[in-house]
Amino acid sequence: MNWWNHLKTINHHKWLVMKSCFRLGMIKQGLLHDLSKYSPVEFVVGVKYYQGNRSPNNAEREDKGYTSAWLHHKGRNKHHLEYWLDYDLKNGGIAGMKMPVKYVVEMFCDRVAASKNYNRDTYNDAMPLAYYEKGKAKDLLHPDSAGLLEKLLRMLAKEGEEKTFNYIKKEILTKEVRREKV
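Read in my numbering, the sequence shown has 76 at position 76, and its numbers run on one by one without any break.
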């Protein structure tokens, strides 16, 4: 039964992200979001480690010390900050590269959807920010990308979904489209 429950979970997550992306006019990103989760390398692991209340990747990581599904996923989905990690030629080591705004916005939608998916009946708009602050993502993100993501997560927590989505659509994405055309 895990395969069915896992499929329902990823379908629900994808549906939530798709609705958010469509709401923001990001049709292609909504349609293409997380398609790699249906590939055998990700889906089979998701079924094996399915629990329903958190990502199966965490369970695989606990079991094996790494997660093959996540290593596959992050390399194919540009809305994940790990996709944008590269060598820092100026300072040495690995650093987060600046993400295109549309992928930061998709990351925001992804985090909101994940919080809704795993906290179904108890979800509130502060949960995506709390999850972000608890994690290490902010240490890996490029400062500009982190700044935008944090701004959106804080706005969501304080002012709600309607105001945040309107702001993204009218202020963030509209200005980004103008910059790209120049």
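Every residue, glycine too, gets a C-beta built ideally from N, C-alpha and C. All figures in this text were calculated on a predicted structure; none of them were measured in a lab.
Does the distance from the CB of LEU148 to the CB of TYR132 come in under 7 Å?
-> For the purposes of this step, residue 148 is taken as the residue at position 148 of the sequence shown. For the purposes of this step, residue 132 is taken as the residue at position 132 of the sequence shown. Going by C-beta atoms, LEU148 is not nearer than 7 Å to TYR132.
What is the DSSP secondary structure of ALA95, reduced to helix, strand or coil?
-> Locating residue 95 in the sequence shown gives position 95, counting from the first residue. Of the three classes helix, strand and coil, the one that applies to ALA95 here is strand, per DSSP.
Residue burial classification, LEU190 (beta-carbon count within 10 angstroms, cutoff 16) | The structure shown does not extend to residue 190, since the chain spans only 1 to 182, so no value can be given for it.
Between TRP4 and SER145, what straight-line distance do the alpha-carbon atoms span, to the nearest angstrom?
-> As a position in the sequence shown, residue 4 is number 4, starting the count at 1. As a position in the sequence shown, residue 145 is number 145, starting the count at 1. C-alpha separation (whole angstroms): 36 Å.
For ARG23, which of helix, strand or coil comes out of DSSP?
-> The residue you call residue 23 lines up with position 23 of the sequence shown. Correct three-state label for ARG23: helix.
Looking at GLY96 and LYS85, is the spacing between their C-beta atoms short of 7 Å?
-> Residue numbering aside, residue 85 sits at position 85 when the sequence shown is read from its first letter. Residue numbering aside, residue 96 sits at position 96 when the sequence shown is read from its first letter. Per the sequence shown, the amino acid found at residue 85 is Leu instead of Lys. Result yes, Cβ atoms of LEU85 and GLY96 sit closer than 7 Å.
Do PRO56 and TYR49 have their C-beta atoms within less than 7 Å of each other?
-> To locate residue 56, count along the sequence shown from 1; it is residue 56. To locate residue 49, count along the sequence shown from 1; it is residue 49. It is a contact, given that the beta carbons lie within the stated cut-off.
Going by alpha carbons, who is nearest to LYS19 out of LYS64, TRP70, ASN58, GLU106?
-> Along the sequence shown, read from residue 1 onward, the residue named residue 19 stands at position 19. The candidate whose alpha carbon is nearest that of LYS19 is GLU106.
Compute the Euclidean distance between the alpha carbons of LYS181 and LYS98, then round it to the nearest angstrom.
-> As a first step, residue 181 must be located in the sequence shown, where it is residue number 181. As a first step, residue 98 must be located in the sequence shown, where it is residue number 98. Model confidence at LYS181 stands at a pLDDT of 49, short of 50, so the residue's coordinates are unreliable; what they give is reported in the following sentence. Their backbone Cα atoms lie some 19 Å apart in a straight line.
Between the C-alpha atoms of ILE94 and SER68, what's the straight-line distance to the nearest angstrom?
-> Taking the sequence shown and counting its residues from 1, the one referred to as residue 94 is at position 94. Taking the sequence shown and counting its residues from 1, the one referred to as residue 68 is at position 68. So the alpha carbons of these two residues sit roughly 21 Å apart.
Buried or exposed for GLY25, please, with buried defined as at least 16 other CB atoms from any protein chain shown within 10 angstroms of its CB.
-> Position 25 of the sequence shown, counted from the start, is the residue given in the question as residue 25. Result: exposed.
According to DSSP, is LEU141 helix, strand or coil?
-> Against the sequence shown, residue 141 aligns to sequence position 141. Note: LEU141 maps to coil in three-state DSSP.
Pairwise C-alpha distance: GLY160 and ASP63 = Taking the sequence shown and counting its residues from 1, the one referred to as residue 63 is at position 63. Taking the sequence shown and counting its residues from 1, the one referred to as residue 160 is at position 160. Those two C-alpha atoms are separated by around 37 Å.
Whose C-alpha, out of ASP34, MET1, ALA114, is nearest the C-alpha of LEU129?
-> Position 129 of the sequence shown, counted from the start, is the residue given in the question as residue 129. Of ASP34, MET1, ALA114, the residue nearest in Cα terms is ALA114.
Mind pulling the beta strand (DSSP E) runs of 3 or more residues that sit fully within the region 50-106?
-> 85-87, 94-96
With distances taken Cα to Cα, identify the nearest neighbour of TRP70 among LYS78, GLU42, ARG54.
-> Residue numbering aside, residue 70 sits at position 70 when the sequence shown is read from its first letter. Closest option to TRP70, Cα to Cα, is GLU42.
Local Cβ density within 10 Å of MET1, reported as buried at 16 or more and exposed below that = Here the question's residue 1 lines up with position 1 in the sequence shown. When all chains shown are included, MET1 counts as exposed.
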